[in-house]
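Numbering (the working numbering), first residue to last: 1 to 152.
Idealized CB from N, CA, C, for every residue including glycine.
These notes are about the structure you will find just below.
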Amino acid sequence: MGLEEIKNHNTRQYVVFRLAKEEYGVDTRNVTIIERMTTITRVPKTPPFILGVINLRGDIIPVMDLRARFNLPAVEYTDDTRIVIIKVEDTSMGMVVDSVAEVIQLSEDAIENVTNFSNDLSMDFILGVGKADDRIITLLNLEKLIRISDNN
Numbered sequence: 001m002g003l004e005e006i007k008n009h010n011t012r013q014y015v016v017f018r019l020a021k022e023e024y025g026v027d028t029r030n031v032t033i034i035e036r037m038t039t040i041t042r043v044p045k046t047p048p049f050i051l052g053v054i055n056l057r058g059d060i061i062p063v064m065d066l067r068a069r070f071n072l073p074a075v076e077y078t079d080d081t082r083i084v085i086i087k088v089e090d091t092s093m094g095m096v097v098d099s100v101a102e103v104i105q106l107s108e109d110a111i112e113n114v115t116n117f118s119n120d121l122s123m124d125f126i127l128g129v130g131k132a133d134d135r136i137i138t139l140l141n142l143e144k145l146i147r148i149s150d151n152n
């Protein structure tokens with residue numbers, strides 16, 4: 001194992017996006033593609049945080065409004081608004097975010113658990129927080145985030 005492999009052995013890459021002036025991250029291994037905002041077809045009888053579905057190259061993908069999921073106020077979409085398509089196990093989901101910032105690497109040492117962090121954002125959705133220079137990035141637990149039930 002070379003020096004570069006040792007350095008990167010305990011690091012992961014995260015796509016960092018913004019939502020209400022806060023930064024969030026998701027593991028790049030779960031990100032399929034990042035799309036510009038497009039027409040979303042509403043589906044009846046879905047939870048309020050599900051905007052509907054999009055047709056992405058022949059695949060029908062449900063789309064979640066992360067602002068609604070996190071009980072944040074709605075805003076107008078802009079040219080920076082993106083749909084981050086993620087895949088967890090066999091489930092694909094789009095997440096509408098205010099903007100996508102960058103891809104960063106975080107070592108395990110730069111990630112901390114957050115047990116008593118906030119009542120505003122369900123702790124189930126948070127994997128931890130990553131420290132990158134002087135920034136704090138909330139890392140999302142995608143497995144729990146994409147569960148669609150009345151309890152979430």
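Pairwise C-alpha distance: residue j and residue i
i	j	result
LEU19	ARG135	15 Å
ASP80	ASP65	15 Å
ASP109	LYS45	43 Å
ALA74	ASN10	37 Å
LEU139	VAL63	19 Å
ARG147	ASN113	21 Å
ILE111	ILE86	21 Å
LYS7	GLU89	With a pLDDT of only 49 at LYS7, under 50, the local geometry of the prediction cannot be trusted, and no value is derived from it.
ASN55	ILE33	13 Å
MET95	SER107	25 Å
Three-way DSSP call (helix, strand, coil) for residue i in this model
i	result
ARG29	helix
LYS131	strand
Nonlocal neighbours in the same chain, by C-beta distance under 8 Å from residue i, ignoring five residues either side
i	result
VAL103	GLN13, TYR14, VAL15, VAL16, THR28
Same chain only: Cβ atoms within 6 Å of residue i, ignoring 5 sequence neighbours per side
i	result
THR41	GLY52, VAL53
ARG69	PHE49
Three or more C-beta pairs below 8 Å linking the region 23-37 and the region 76-93
yes
In chain order, which continuous runs of the alpha helix (DSSP H) of length 4 or greater are located wholly inside the region 44-114?
66-69
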